[in-house]
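**Student:** In numbering that gives the first Met the number 0, the protein residues as written are 0 to 542. Quick reminder that beta carbons are idealized off the backbone N, C-alpha and C, glycines included. From a predicted model like this one, the values you see are computed outputs, not experimental measurements.
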Amino acid sequence: MDDLLITNARRIADGAPVSVALREGLIARVNGGPAEAARVIDAGGRWLGAAFVESHLHIFSGGVALNRLNLAHVHDEATLAAEVRTWAETRTDLPLICGYAANYDLVGEGRRPDRHILDAILPEQPLFIVSTDLHAGWANTAALRACGFMDAVPDLPGAEVVLGPDGLPNGELRENGAMDPVYALDQNGGRENLGIGGHEPGAVTEAARAADKAAILDALKTCAAHGITLAVNMDGNLYQARLFTELAQADLLPIRVSLPMTLAPGQDDARIAALLEAAGRPPVGKLSFGRVKMFMDGVFDTWTALRTDDYPDRPGFRGEPLFAPARFAEICIRADAAGLQIATHCVGDGAVRAVVDGYELAAKANGRLDARHRIEHLDMVHPDDVARIADLGIIASMQPVHPPGSAGLPLEPTISIMGRNRWRDTFPWARLKSAGVGLAFGTDWPVSPLSPMVAIHAALTRRAWAEDVPDQRLSLADVFSAYTAGGARADHREAQLGRLEPGLAADLILLDGDPRALMSSPDACSVALTLCARRAVHDTLSG
Ligand SMILES: [Zn+2]
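(1) State yes or no: is the C-beta of H55 nearer than 7 Å to some heavy atom of ligand 1?
(2) What is the C-beta distance between D443 and L56, in whole angstroms, given that I count them as a contact (C-beta under 8 Å)?
(3) Helix, strand or coil, according to DSSP, for Q266 in the structure here?
(4) Nearest-angstrom Cα distance between L438 and E123?
(5) Look at A138 and E159 and say whether their C-beta atoms are less than 8 Å apart.
(6) I'd like the span of the alpha helix (DSSP H) that includes V536, first residue to last.
(7) Would you tell me roughly how many angstroms separate the C-alpha atoms of L3 and R534, rounded to the nearest one?
(8) Are the Cβ atoms of P209 and L65 separated by less than 8 Å?
(9) Using the C-alpha atoms, what's the distance from I96 back to L242?
(10) What are the boundary residues of the alpha helix (DSSP H) that includes C331?
(11) Residues around ligand 1, please: the ones whose beta-carbon is closer than 5 Å to some heavy atom of it, in chain order.
(12) Exposed or buried, what is E191 when buried is set at 16 or more other beta-carbons lying within 10 Å of its beta-carbon?
(13) State the Cα-Cα distance for the pair S547 and R28, rounded to the nearest angstrom.
(14) Using beta-carbon positions only, say whether V291 and L274 come within less than 8 Å of one another.
(15) Which value, in whole angstroms, describes the spacing of the CA atoms of D369 and I120?
(16) Does the Cβ-Cβ distance between G486 and V52 come in under 8 Å?
(17) How many whole angstroms separate the CB atoms of P296 and G347, which I take to be in contact at a CB cut-off of 8 Å?
(18) If you follow the alpha helix (DSSP H) that H456 is in, where does it begin and where does it stop?
(19) Report the three-state DSSP secondary structure of K212 (helix, strand or coil).
(20) Check each candidate in L117, G48 and G62 and name the one with the smallest Cα separation from L79.
(21) On the criterion of 16 or more Cβ atoms from any shown chain inside 10 Å, does D1 qualify as buried, or is it exposed?
(22) CB-CB under 7 Å to S60, same chain, minus the five flanking residues each way: which ones, in chain order?
(23) Let me confirm a value: T483 is counted as buried when at least 16 other C-beta atoms fall within 10 Å, else exposed. Which label applies?
(24) Can you list the alpha helix (DSSP H) stretches of 4 or more residues lying completely in the stretch 8–90, in chain order?
(25) Which class does E199 belong to by DSSP, given the choice of helix, strand or coil?
(26) Using the Cα positions of D538 and R430, report the straight-line distance between them to the nearest angstrom.
(27) Would you list the one or two residues that DSSP bridges to I128?
(28) Measuring straight from C-alpha to C-alpha, what distance separates L459 and R387?
(29) Can you name, in chain order, every residue of its own chain whose Cβ lies under 6 Å from the Cβ of I195, other than the five neighbours on each side?
(30) Quickly, what does DSSP pair D1 with across the bridge? List them, please.
(31) Straight-line CA distance for P399 to A151?
(32) Starting from S525 and walking both ways along the beta strand (DSSP E), at which residues does that stretch end?
(33) Given a cut-off of 8 Å, decide if L510 and I11 are closer than it, judged by their beta-carbon atoms.
(34) So within the stretch 369–427, which uninterrupted alpha helix (DSSP H) runs reach at least 4 residues, ignoring any that extend past its ends?
(35) Mind checking T261: buried by the 16 CB within 10 Å criterion, or exposed?
(36) What separation, rounded to the nearest whole angstrom, lies between the Cα atoms of D113 and T131?
Encoded structure:
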């Protein structure tokens, strides 16, 4: 007898009627066969398909962001007060109330917040509000006192604790040097941001570890609610590896996690060796290793993307690679020889070229087949490199919510910094796909919203910035594929995940609403049920 039978569903791929029988965590049959099962779910015509693979996100910082208040829409003091008080009401036990994405006109046009305004809103509990560009924040007196700024104002290189007319801090803190002591008050102590730079926290108390695990589990439950059953976490460090391993051993991970370890240019050989050792560990329950992550460049908005031509407004300047070519090649050859997959952040086409060069040297040195090394983001590609990417079997791990003009992002300054004559080479999903490159989609959450529906809508409706710029839109089937089978293949799991076929894991979603309507709105569809290895990890049906 089967464990679970889902009947009366429509297949996401083509709308055809479908039923599935599940047994021991796997799909036993698709359509047909005897219909006897311990439990039967009548899907009521809902849409059934493989669960999503989120190929690039940041689980720990995403989980921490869930406990922060989004203030993007606030432009006056009364609204700010109401929002903060409502948020804080149910969070009196938190050591810090933190708002983010705040505009500089947060308390009204031409005014700047200060600690007195914030004290009137929240007098006792430490409060910190961070600007949308992350370069400034405003703290109330309780927060300033808790980090010692009311007793002594430190002299900080490249950062500033702004003083009021009374000679005391007025609440405004500029740049990370001044903001970090306030983040450290938070229950996660800023530890959520360490992995991305390849760093580890110092001594962590038991209570802090518990808070960090809680943030991670919050993030994974949120993934499950969005229909995601495999999340590729792009900022692994040894600390996170320990937390995730403990959660996996206790079978507390609701969904599958793939955890690449972050290698950074400043790390010495001992540190690299320790990270490669961790990356080579075997899977533990729903947790898997097997990969490393690096950065080759930054982003266009701060002129830190590495390009093959000059920045239009900076003749002679093309950006700097974060790894020297020889060092990058050496690490690639080592990781590749150890059977690890390499994922590298490349935004500019110069970074893409440098990374393809490194992967090519690793392939020559080791002769390893089907390594499926990855490029993360790939915002710009030089036409000469497309065939090389395809020939080397490199995976393009891309985020449909990232092109300027998509998902509410402004066009400027990014498209001017990229340069008019390079628009044709940006976010080239369709071009890479037609060249035979494997696509895997994700969101980079919490950089962008986690919802696959928002990303799918963005992928379907992306508009070219000018008439002579090629259309990079993909079909609905191709977009779903990049979010399911493509992501599974990118994680070397096509035999386990990503398709509705017998023998694959019972990682399935049921959608309310017609997926074809995602063309007109991201709200057209929502996830009614998420199964991960047959276990319901999100369920709106039985409630
Ligand atoms: Zn990222």
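**Tutor:** Quick answer:
(1) yes
(2) Correct: roughly 6 Å between the Cβ atoms.
(3) coil
(4) Each residue's alpha carbon lies about 50 Å from the other.
(5) no
(6) Going by DSSP, V536 is part of no alpha helix (DSSP H) but of the beta strand (DSSP E) stretching over R534 to D538.
(7) 10 Å
(8) For clarity, residue 209 is Ala in the given sequence; the question names Pro instead. No, Cβ-Cβ distance for A209 and L65 is not below 8 Å.
(9) The straight-line gap from Cα to Cα measures roughly 24 Å.
(10) P324 to A336
(11) Listed by chain position, these are M233 and D443.
(12) buried
(13) With the chain running from 0 to 542 in the structure shown, residue 547 is simply not present.
(14) yes
(15) 58 Å
(16) yes
(17) According to the sequence provided, residue 296 is Asp. The question's Pro does not apply to it. Going by Cβ atoms, the distance from D296 to G347 rounds to 5 Å, so yes, they are a contact pair.
(18) P451 to T460
(19) helix
(20) L117
(21) buried
(22) E191, N192 and P445
(23) Buried, since its Cβ has 16 or more Cβ neighbours within 10 Å.
(24) 58–64 and 76–88
(25) Looking at E199 - three-state DSSP - the assignment turns out to be coil, as it is neither helix nor strand.
(26) 38 Å
(27) G98 and W137
(28) 27 Å
(29) D234
(30) A36
(31) The straight-line gap from Cα to Cα measures roughly 47 Å.
(32) S525 to C531
(33) yes
(34) 385–390 and 413–417
(35) buried
(36) 17 Å
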